[in-house]
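The next block holds one structure in the form of structure tokens; read it before the comments.
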Amino acid sequence: MMDSTLLPNIVAFIGAIEPFNQLPNAVLDSIAINMEIQFLGKGESLAPLLTQKQNLFIIRSGVIEQRLPDGSLRSRLGEKDIFGFSLENENYQANALENSLIYRFDYAALLHCVADYPTVTEQLALSANRRLQSSVNVQWSEGEKGLFFKSVKEVASTRIVQVPPSMTIQEVARLMRHETGCSCAVIVDNSNLNNTLIGMVTDKDMTKRVVADAVDVTLPITHVMTEHPWTVGNDELVLSAVHVMMKHNIQNVPVLDANKQVVGLITPQLLVQKHSVQAVFLIEKIGRCQSLEELTALALERQAIFEAMAEANLPSHLIGQVLTMIYDAFTQRLIYIAEKALGPIPCRYVWLAAGSHARGEIHLLSDQDNALVLEDNATDSDRVYFNHFAMYVCKGLAECGYALCTGRFMAATPKWCQPLNVWLQYYRKWANNPEYDMLLSLTVFLEIRPLAGDNTLFDILEKQRVIQVKGNTRLMSALVRNALQTRPPLGIFNNLVLEKEGKNGKRLNIKKAAIGHLVDLARIYALHDGGEMLATEARLRFALDHQSINESSYQDLSGTYQYMMQLRYSHHLCCLRSGKPLSNTLNPDHFGSFSRQHLKDAFRIVSGFQDAVKMKFGA
């Protein structure tokens, strides 16, 4: 029987873990009373416990490694990880990589304790599929969807103290305590009208940096502030703010408006929920992975997150943003693992996302568009290193579910792993001679975004890209001609015109039929007016703001794009549910009359705007 003096500590620990955090303390007490505590020394096997009656384990501290009979890694587990569900059906060894403290539960007794809580029971099911599905269903509750997919400005607190850098520590503390009761103050440079954020201090900082070190409270607040704190924009998703908190282990995030002025604060208190957000925690898990094997094991969770979002009918741009955040996380962690595997980076570099990845318009079929830019003094041996480096990352991404680019627009292709001066020459050549092959390269790399490395290299390249593109009438004409090469599949009798696809009969390819055209149109409108944003919907809004299109045209284009993206996501969800391969091609037999009418309307809108850009920009 459990020592009663240990009970509060154990209950507090397991009560913070999903799904036990859904249980009242009385149930947690009964669970804790009947559990056993096991200690494993480094190198010790869990085998004796695995051969007994079915158990469930939670790691309190330490690391447990599971390996299959052939020696391959099954999983590596750490603090708060739960395992043991499928021990009857799988044969594997479990050993402690370091001294480990483990809580052991009798599985049958545990289910009895939680029998009145069906959502918890589902999440403790023996079947991995049932657990994953139930976890998704719980985590994407209606209330949570409403919170985490709102913009930051909708939920941020405006109770925040703003002070000049000359104010003393004591004066700031007095303001925080007496005037607003706020636990945070931001320090802004009031020497000009910009009021630029230069630092932040929290009540915890006051305790750790002032009281604990007996700092003179008459000193300026700059003496103890955190310089250049992490921030979020007020139009970003709350999901992004949570990601920033978890990634950098911080609890107070200032919110900035478009003019970089502090307008609010995001804190954990604003985000208190019974359930976690699966997308954020997947990103956190990705960030802890130490090997490619661990990363590939998380690929199915990405699919589960997509299914949850698609089933909830979240707006397409939100789905794209979340999938892009996950793609970024996989790429950045693979870059970290590659650096560990290949040795220290020999010179400065920047890894670029391009195409749809750069635009933040990711879906489950998105392949790789990426590149490497090296500093100009990179040696031949440096380039050999980065060729191997790029190959490692690109192959790793493929194993994580991001297909290799069929056009080979990847850093693993030597042409796209070059020093900065070569890239600058590329952009000059593409912009001045927009022939087909050059234009294709340019359209891929017209949208670029840095993911890792030295951003100063990106800044130089981005400046050159803008110079070459802005006001380039020859390039604009070439882009328009390229956009008009194909037309949406609308026949003379307003019937859908379909294309033959192997043995599958006739199919409608929605990427070729509409989505690609809409991306091209938005790019043309934005580039003509000097827009530097990347996302298609943002480009359409920019075109409206600069009067290249009117409100009605904006609504047509934006609405059509959203509809086609939602159709793509819905089709991908249907493929997953039916066990069919993912594709961008739809079976016309599955269209109802309502859907057919919507598609035909969408194609007519796209075709009309193709004619409009031809008239406006020439071709």
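One rule links them: number in the working numbering = place in the sequence shown (from 1) + 73. In this text, a Cβ means the ideal position worked out from N, Cα and C, and glycines have one as well.
Per the C-alpha coordinates, the member of GLY604, GLN196, THR633 positioned closest to ARG538 is GLY604. Taking C-beta atoms as the reference points, LYS226 and ASP289 fail to come closer than 8 Å. Each of GLU152, THR369, ALA167, THR291 was checked against the Cα of PRO142, and the nearest Cα belongs to ALA167. In the structure shown, ARG177 adopts extended strand secondary structure according to DSSP, grouped into three states. Looking only at LYS584, ILE418, ALA595, the smallest Cα-Cα distance to ALA525 is reached by ILE418. Looking at the DSSP output, TYR422 sits in a beta bridge with LEU447. Excluding five sequence positions before and after ASP629, the CB atoms of its chain that fall closer than 6 Å to its own CB belong to ILE678, given in chain order. The alpha-carbon separation between PRO81 and ALA599 amounts to approximately 60 Å.
For GLN235, no alpha helix (DSSP H) encloses it; the enclosing beta strand (DSSP E) starts and ends at 234 to 236. Straight across, the Cα-Cα distance linking ASP276 with VAL335 is about 19 Å. The count of Cβ pairs closer than 8 Å, one atom from the region 361 to 377 and one from the region 395 to 414, reaches three, so the stretches are in contact. Following the DSSP letters along the chain, one finds MET249 in no beta strand (DSSP E), marked with neither H nor E.
When beta bridges are read from the DSSP output, PHE112 appears opposite LEU174.
Assigned with DSSP and collapsed to three states, PRO492 falls in strand. For TRP503, the closest alpha carbon among the candidates LYS115, GLN491, VAL542 is that of VAL542. If the five residues before and after THR633 are omitted, its C-beta is found closer than 6 Å to the C-beta atoms of ALA675, ILE678, all from its own chain and listed in chain order. For the set SER514, PRO507, LEU557, PHE531, the Cα lying nearest the Cα of THR546 is the one of PRO507. Rounded to the nearest whole angstrom, the C-alpha separation of LEU371 and THR397 is 15 Å. Taking the C-beta atoms as reference points, LEU493 is found nearer than 8 Å to GLU448. By the CB criterion at 8 Å, THR295 and ILE260 fall inside the cutoff. Per DSSP, ASP442 is not a residue of any alpha helix (DSSP H), being assigned neither H nor E. Shown here for ALA85: not one same chain residue has a beta carbon closer than 8 Å to its own, the five before and five after excluded. A Cβ-Cβ contact shorter than 8 Å links TYR642 with ALA383. Comparing alpha carbon positions, the residue from ILE356, LEU391, ARG501, ALA444 closest to ALA463 is ALA444. Shown here, LEU96 sits in coil according to DSSP, grouped into three states, outside any helix or strand. Closest by C-alpha distance to TYR165, out of ILE104, LEU150, VAL193, ALA120, is ALA120. For ASP262, the enclosing beta strand (DSSP E) starts and ends at 257 to 262. Beyond the five residues adjoining it in sequence on each side, ARG421 comes within less than 6 Å, by CB distance, of GLU448, ASP527 in the same chain, given in chain order.
By the C-beta density criterion, MET688 is exposed, having fewer than 16 other C-beta atoms within 10 angstroms. GLY416 and ALA402 have their C-alpha atoms roughly 21 Å apart.
When the beta-carbon positions are compared, PRO561 and SER389 stay at least 8 Å from each other. Secondary structure note for GLY526: its beta strand (DSSP E) is the uninterrupted segment 521 to 526. Boundaries of the alpha helix (DSSP H) harbouring GLY632: 624 to 651, taken from the DSSP string. Taking the CA atoms as reference points, THR559 sits about 56 Å from CYS257. Distance between VAL517 and GLU366, taken at the CA atoms: about 30 Å. Residue burial annotation: ARG232 is exposed, with fewer than 16 other C-beta atoms found within 10 angstroms of its C-beta.
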